[in-house]
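J.: Below is the structure I would like to discuss, written out as structure tokens.
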Amino acid sequence: MLSASPPHLPYSGIATFARAPIVQPDGDWRADVGVLGIPFDIALGFRPGARYAPRELREASLRYVPPFTDLAGRTRMANVTLADAGDVVLPSLEPELARERITRAARQVKARCRIPVFLGGDHSVTYPLLRAFHDIPELHVIQLDAHLDFTDTRNDTRYSNSSPFRRAAEDLPNLIHVTTLGLRGLRHDPEAVAAARERGHTLVPMEDVEARFDEVMTALPPGRPVYLSVDADALDPAVLPGTSSPEPDGFSYALALRVIRAVVRRHQLLALDLVELAPNLDPTGRSALIGARLIMETLCEALDD
1 MLSASPPHLP YSGIATFARA PIVQPDGDWR ADVGVLGIPF DIALGFRPGA RYAPRELREA
61 SLRYVPPFTD LAGRTRMANV TLADAGDVVL PSLEPELARE RITRAARQVK ARCRIPVFLG
121 GDHSVTYPLL RAFHDIPELH VIQLDAHLDF TDTRNDTRYS NSSPFRRAAE DLPNLIHVTT
181 LGLRGLRHDP EAVAAARERG HTLVPMEDVE ARFDEVMTAL PPGRPVYLSV DADALDPAVL
241 PGTSSPEPDG FSYALALRVI RAVVRRHQLL ALDLVELAPN LDPTGRSALI GARLIMETLC
301 EALDD
């Protein structure tokens, strides 16, 4: 039912994700990968722009249309089907309604594919996305992020991009563990850190990710169903500058991919989100290209025959 678009140069044609056919979230389709955009950034506490990321990631993905052949001659994602379910239609200034629509669309996409890929949006969208996985027993989240995002309230709001995992932990009994990799910077909320540790979450500072790599990767028992949430600010801003709140000394691309490969090989990847990419803050376009490639390399690991 899903047919590929005819070949185009990357700067021509309609920019669906990796040339995937356009579908409706609740339509009659099935695919290995379903892509859903969430152009939402009104929960930010600093520089806006993540609302533009789904469109820019689609543009950047036109450079990475499968199948791929690596230097060793291995063909990757040759038989993988993709579908682009467009963007959630979001109200401008009704965040509660936005969350409801995000959850509904995520459930629809989840029901029609093996691995949903969600293009944020600020990190607040991960909470309503996780609600779509309420039916997964013993759900685990692995979060690549400079910041914990477990704050109870910020500026009198409970639903900012600082709070998605706090709200998800309160709302989803099946969310039993969060592992956060790459924490760093000067600004940490002591109450949030204490609350996350009390709940048993694993908090890994950036300096420990590489120094204790094997130990970190084996902290979560193998074979667990994992939702992978990648915040663009997990990567070092020298690598990916287009993000609201960059923090120095983050992941290199190679180390981020090494972590993701280990996660995907050890666990069942349920879904992937990429959030906090603000392409307007990077006039070179490099940040969107890196984000699109990271998504594709994650899918290569998860879906290779």
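For the sequence shown, this note's numbering gives the first residue as 1, with consecutive numbering after it.
All C-beta atoms in this analysis are idealised placements derived from N, C-alpha and C, irrespective of residue type, glycine included.
Can you look up THR126 in the DSSP assignment and give me helix, strand or coil?
T.: helix
J.: Looking only at C-alpha atoms, which of PRO39, ASP145 and ALA43 sits nearest to GLY121?
T.: PRO39
J.: Given this structure, state the Cα-to-Cα distance separating LEU277 from ARG47, to the nearest angstrom.
T.: C-alpha separation (whole angstroms): 11 Å.
J.: Please go through the region 9-85 and give each complete alpha helix (DSSP H) segment of 4 or more residues, from N-terminal end onward.
T.: 53-61
J.: What residues in its chain sit with their C-beta under 6 Å from that of LEU57, if we drop five residues either side in the sequence?
T.: LEU119, ALA288, GLY291 and ALA292
J.: Since LEU274 and PRO241 are thought to touch, with beta carbons under 8 Å apart, how far apart are those beta carbons, to the nearest angstrom?
T.: LEU274 to PRO241, Cβ: 16 Å. No contact.
J.: Would the beta-carbon of VAL226 fall within 8 Å of that of VAL178?
T.: no
J.: Assuming PHE150 and ALA196 form a contact by the criterion Cβ under 8 Å, report the distance between their Cβ atoms to the nearest whole angstrom.
T.: 5 Å
J.: Have a look at ILE136 and GLY73 and give me their C-alpha separation to the nearest angstrom.
T.: 37 Å
J.: Go ahead and pull the three-state DSSP assignment for GLY291.
T.: helix
J.: Between GLU138 and ARG212, which are expected to be in contact by the criterion C-beta below 8 Å, what is the C-beta distance as a whole number of angstroms?
T.: Not a contact, Cβ separation roughly 25 Å.
J.: So the candidates are TYR127, LEU181 and GLU198; which of them puts its Cα closest to the Cα of GLN143?
T.: It is LEU181 whose Cα lies nearest to the Cα of GLN143.
J.: The alpha helix (DSSP H) spanning TYR253 covers which residue range?
T.: 253-266
J.: State yes or no: is the C-beta of VAL204 within less than 8 Å of the C-beta of LEU183?
T.: yes
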